[in-house]
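Undergrad: Before I ask anything, here is the structure I am working with.
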Amino acid sequence: MKKEDYIRKNLDGTFRLWLRRASLWGCVLFVLLGGLDYLVTPENFAVFLRYRIVLSLLLLIGHFLAGRLSSRHLYVLAYVLVAGSAWAIEIMIIQFGGHESPYYVGMILLGISVIGVVPAPFTFHVVIASLIYLLYLAPIVLTESLTNHRDFLIANTFIILIFSTMLLVRYLSGNALRSELGFQYDLEQYRESLETAVRERTAELADTVEKLKQEIVERQKAEMERQRLQGQLLQSQKMESIGRLAGGAAHDFNNILTAILNYAELTLMKLAEDHPVRSHLMSIREASEKAATLTHQLLAFSRRQVLEMKAVNLNGVIGDMANMLSRMIGEDISLELKTEATISTICADRGQIEQVLMNLAVNARDAMLSGGRLLIGTKDVDLNDALLRAQETVTFGKYVLLSVTDTGEGMTAEVRDRIFEPFFTTKELGRGTGLGLATVYGIVKQHSGNIIVDSEPGKGTTFKLYFPIVGKREKVKEKEKDIDLSGPLPTGTETILVVEDDPSVRELVRQVLLPLGYRVLATAGGDDAIRTSASYNGPVDLLLTDVVMPVMNGKQLAEVLRIKRPGIKVLFMSGYAHEALSARGILEPGVAMIHKPFRTIALARQVRQVLDSGA
0 MKKEDYIRKN LDGTFRLWLR RASLWGCVLF VLLGGLDYLV TPENFAVFLR
50 YRIVLSLLLL IGHFLAGRLS SRHLYVLAYV LVAGSAWAIE IMIIQFGGHE
100 SPYYVGMILL GISVIGVVPA PFTFHVVIAS LIYLLYLAPI VLTESLTNHR
150 DFLIANTFII LIFSTMLLVR YLSGNALRSE LGFQYDLEQY RESLETAVRE
200 RTAELADTVE KLKQEIVERQ KAEMERQRLQ GQLLQSQKME SIGRLAGGAA
250 HDFNNILTAI LNYAELTLMK LAEDHPVRSH LMSIREASEK AATLTHQLLA
300 FSRRQVLEMK AVNLNGVIGD MANMLSRMIG EDISLELKTE ATISTICADR
350 GQIEQVLMNL AVNARDAMLS GGRLLIGTKD VDLNDALLRA QETVTFGKYV
400 LLSVTDTGEG MTAEVRDRIF EPFFTTKELG RGTGLGLATV YGIVKQHSGN
450 IIVDSEPGKG TTFKLYFPIV GKREKVKEKE KDIDLSGPLP TGTETILVVE
500 DDPSVRELVR QVLLPLGYRV LATAGGDDAI RTSASYNGPV DLLLTDVVMP
550 VMNGKQLAEV LRIKRPGIKV LFMSGYAHEA LSARGILEPG VAMIHKPFRT
600 IALARQVRQV LDSGA
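Going by numbering that gives the first Met the number 0, the first residue of the sequence shown is number 0, and it counts up by one from there.
Rendered as structure tokens:
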């Protein structure tokens with residue numbers, strides 16, 4: 000129940016209770032005040048008594064109806080009872096003394112009984128006060144000629160002051176009551192959320208000592224669960240902080256690696272096959288490629304890797320990788336596939352999903368030093384409440400479950416809680432970087448998925464990965480071919496505007512493209528590029544620009560130049576996912592990008608491919 004509904008329900012209930020009490024008290028009061036009629040106006044006693052009896056019966060009927068009518072009709076009943084009471088008193092006023100009658104005090108008593116006792120919305124009391132006063136004033140003004148203006152003015156002033164004061168008090172008390180009910184609602188909601196588990200268990204307990212002990216055990220479990228969830232939240236926050244740091248470091252490192260890797264390749268191209276320095280340069284290139292792999296893992300963990308999302312058949316990916324995984328885990332480990340998911344189409348970057356499978360397979364292989372069994376399977380699942388309570392980021396919906404189970408040595412709880420931390424590893428020095436499972440975690444999260452680990456020492460390990468499905472059995476396009484990195488470098492004669500704020504990368508790109516026949520206009524930033532384009536009279540065929548630059552980013556620069564030079568083609572360079580080109584790390588359709596650190600031949604072929612494209 001919402002807070003407003005709770006407050007309204009309680010106000011209606013309180014209003015019903017006090018309306019019944021006020022009508023019953025009014026019934027008794029009208030009869031008892033008949034004694035004053037006998038003392039004040041004996042000649043009208045019999046007539047007034049009939050009014051009082053009729054009105055008392057009306058109030059008595061209202062008392063019983065108030066307990067049975069709906070809330071909407073309850074207010075109508077209240078108006079009828081008040082109007083009937085005011086009208087009966089007004090008849091007595093007109094019949095005994097008119098505007099000089101002391102019976103106007105009855106109107107005040109009626110107002111006190113309703114406004115002062117019955118809690119209701121403030122507008123109700125304003126209407127009631129106005130109704131009582133009009134029923135008092137209108138008949139007198141319409142039927143009488145005022146003779147004693149002083150007494151009439153005093154009586155009306157007194158009534159108005161009493162009603163105004165009571166309305167002010169009712170307004171303040173009404174606000175206080177609403178605030179109190181709101182606070183009470185908040186307390187009840189908080190109490191219920193904390194005691195739900197306790198109430199469920201308490202209902203099953205008997206009044207025995209053994210049951211009491213069981214309740215204590217359940218409370219201890221609830222506290223442990225709270226601590227576990229708190230630890231999970233702290234772990235998630237820690238992972239996010241480490242991810243940001245890792246992503247920033249990987250971004251800067253990519254520019255350095257781009258220069259090292261490509262200058263090594265450019266030098267290799269110019270050296271003879273038997274040159275003594277060639278082996279050294281090849282070692283530099285291999286080391287740079289390993290470092291590039293490391294930065295890609297860091298970017299995947301920190302979720303700053305640009306993804307090219309397509310409809311991917313998860314069962315198909317597993318089947319295509321079966322032979323490679325078998326060779327990778329070795330002959331002493333048997334690989335079993337159990338792809339039971341009827342709908343396994345997910346929106347994913349196929350290369351990243353393959354990376355997940357390889358990392359998990361390598362992790363399983365290292366856990367089964369004496370051989371064993373590796374089971375990879377898929378299932379259709381609907382996430383239930385238990386999983387939602389355990390994983391705070393999971394949302395309801397249709398998911399496909401990818402499970403990777405090994406029969407290895409398993410993990411302790413302490414190790415299991417830290418396996419996704421970057422650089423954490425239980426392997427001896429030199430056997431791992433500690434980024435494999437951290438990379439898996441980052442990729443799964445970037446795909447809007449979730450990962451759960453079940454493992455105990457001596458009982459093996461199961462990784463459960465939940466990916467949201469994108470629909471029924473859709474026809475999945477074949478994986479696009481990677482750029483061919485073999486053969487001679489493609490050449491061209493077009494003019495290329497290069498924009499890169501890192502001097503080493505800018506000079507490298509210029510040295511790669513110039514020997515291939517291109518005209519290269521190298522600039523250090525967006526403003527410089529716009530000025531260079533404006534001063535260059537010939538055509539500019541391609542904008543090759545970094546994404547993250549000060550003042551103006553690559554996408555903003557491309558938008559400006561597309562207006563000034565319609566038809567110019569654009570190729571972005573970037574070391575990590577950036578909001579300018581991607582939504583949640585997913586590359587926007589139609590955007591061409593080359594990832595840093597790139598190889599010389601990859602840059603040459605990507606440039607040629609974009610120039611030859613029809614876009």
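Virtual Cβ for every residue (Gly too), placed ideally from N, Cα, C.
Taking just the CA atoms, how far does residue 450 sit from residue 443?
TA: C-alpha separation (whole angstroms): 7 angstroms.
Undergrad: Quick one: measure Cβ to Cβ for residue 377 and residue 312, integer angstroms, because I've assumed they're closer than 8 angstroms.
TA: Not a contact, Cβ separation roughly 10 angstroms.
Undergrad: For residue 180, I'd like the list of residues in its chain whose CB is within less than 8 angstroms of its CB, leaving aside the five on either flank, ordered along the chain.
TA: Taken in chain order, the residues that qualify are 5, 6, 9, 10.
Undergrad: Mark residue 392 as exposed unless 16 or more other C-beta atoms lie within 10 angstroms of its C-beta, in which case mark it buried.
TA: With a pLDDT of 49 at residue 392, under the threshold of 50, the modelled position of this residue cannot be trusted, and the question is left open.
Undergrad: Express the C-alpha separation of residue 357 and residue 448 in angstroms, rounding to a whole number.
TA: Each residue's alpha carbon lies about 18 angstroms from the other.
Undergrad: Out of 555, 592, 556, which one is the CA nearest neighbour of residue 570?
TA: Out of 555, 592, 556, 592 has the C-alpha closest to the C-alpha of residue 570.
Undergrad: By the 10 Å Cβ neighbour count, where 16 or more other Cβ atoms means buried, how is residue 65 classified, buried or exposed?
TA: Classification of residue 65: buried, given that the 10 Å Cβ count is 16 or more.
Undergrad: Between residue 572 and residue 511, is the Cβ-Cβ spacing less than 9 angstroms?
TA: Going by C-beta atoms, residue 572 is not nearer than 9 angstroms to residue 511.
Undergrad: For residue 168, count neighbouring C-beta atoms within 10 Å of its own C-beta (all shown protein chains included) and say buried if the count is 16 or more, exposed if not.
TA: Exposed, since its Cβ has fewer than 16 Cβ neighbours within 10 Å.
Undergrad: Give the DSSP-derived three-state secondary structure of residue 281 in the structure shown.
TA: Here residue 281 sits in helix by DSSP.
Undergrad: Since I believe residue 253 is in contact with residue 574 (beta carbons under 8 angstroms), could you give me their beta-carbon distance rounded to a whole number of angstroms?
TA: Right, the Cβ-Cβ distance comes to about 3 angstroms (below 8 angstroms), so this counts as a contact.
Undergrad: Is residue 276 helix, strand or coil by DSSP?
TA: Residue state, collapsed to three classes: coil.
Undergrad: In the DSSP output, what is residue 518 paired with across the bridge?
TA: Beta-bridge pairing links residue 518 to 494.
Undergrad: In angstroms, rounded to a whole number, what distance separates the CA positions of residue 324 and residue 529?
TA: So the two alpha carbons sit approximately 50 angstroms from each other.
Undergrad: When the Cα atoms are used, what is the spatial distance from residue 407 to residue 199?
TA: Distance between the alpha carbons of residue 407 and residue 199: 39 angstroms.
Undergrad: Apart from the five residues on each side of it in sequence, which residues of its chain come closer than 7 angstroms, Cβ to Cβ, to residue 603?
TA: So the list reads 488, 489, 511, 515, once near-sequence residues are dropped.
Undergrad: Here's the rule I'm using: 16 or more other beta-carbon atoms within 10 Å means buried, otherwise exposed. How should residue 223 be labelled?
TA: Exposed, by the Cβ-count rule.
Undergrad: Residues in its own chain within less than 6 angstroms of residue 335 by CB, not counting five upstream and five downstream?
TA: For residue 335, where only same-chain residues beyond five positions count, the Cβ hits under 6 angstroms are 374.
Undergrad: Apart from the five residues on each side of it in sequence, which residues of its chain come closer than 6 angstroms, Cβ to Cβ, to residue 630?
TA: Shown here, the chain extends from 0 to 614; a query on residue 630 therefore has no answer.
Undergrad: Going by the CB atoms, is the gap between residue 494 and residue 509 shorter than 9 angstroms?
TA: It is not a contact, given that the beta carbons lie outside the stated cut-off.
Undergrad: Which residue wins for smallest C-alpha separation from residue 136, given the options 88, 229, 120, 206?
TA: The option with the nearest alpha carbon to residue 136 is 88.
Undergrad: Sort 328, 353, 229 by Cα distance to residue 319 and report the nearest one.
TA: Closest by alpha carbon: 353.
Undergrad: Taking buried to mean at least 16 other C-beta atoms within 10 Å of its own C-beta, is residue 605 buried or exposed?
TA: Counting Cβ neighbours within 10 Å, residue 605 comes out buried, since at least 16 surround it.
Undergrad: Check for me: the beta strand (DSSP E) holding residue 397 runs from which residue to which?
TA: Residues 397-405.
Undergrad: Report the CB separation of residue 531 from residue 507 in whole angstroms; it is logged as a contact under 8 angstroms.
TA: Not confirmed; about 19 angstroms, so no contact.
Undergrad: In or out: residue 597 buried (at least 16 other Cβ within 10 Å) or exposed?
TA: It is buried - the Cβ of residue 597 has at least 16 other Cβ atoms within 10 Å.
Undergrad: Run through DSSP, which three-state label would residue 368 get?
TA: Coil at residue 368, not helix or strand.
Undergrad: Less than 8 angstroms between the CB atoms is what I'm expecting for residue 20 and residue 73, so what's the real figure, rounded?
TA: Not quite, the Cβ-Cβ distance comes to about 14 angstroms (not below 8 angstroms), so this is no contact.
Undergrad: Residue range of the alpha helix (DSSP H) that residue 526 falls in?
TA: First-last of the alpha helix (DSSP H) with residue 526: 525-534.
Undergrad: Assess contact between the segment 136-154 and the segment 118-127, defined as three or more Cβ pairs (one per stretch) separated by less than 8 angstroms. Is contact present?
TA: The segment 136-154 is not in contact with the segment 118-127.
Undergrad: Taking the C-alpha atoms as reference points, what is the distance between residue 165 and residue 192?
TA: Taking the straight line from one Cα to the other gives about 40 angstroms.
Undergrad: Between residue 147 and residue 92, what straight-line distance do the alpha-carbon atoms span, to the nearest angstrom?
TA: For residue 147 and residue 92, the distance between alpha carbons rounds to 15 angstroms.
Undergrad: Nearest to residue 342 by CA position, among 399, 176, 308, 309, is which residue?
TA: Of the listed residues, the one whose Cα sits closest to residue 342 is 399.
Undergrad: Is it right to say residue 220 is buried, meaning 16 or more other beta carbons lie within 10 angstroms of its own, or is it exposed?
TA: Looking at its Cβ environment, which holds fewer than 16 other Cβ atoms inside 10 Å, residue 220 is exposed.
Undergrad: Where does residue 101 fall in DSSP's three states?
TA: Residue 101: coil per DSSP, three-state reduction.
Undergrad: Alpha carbons only, please: which of 595, 110, 120 is nearest the one belonging to residue 157?
TA: Nearest option by C-alpha distance: 110.
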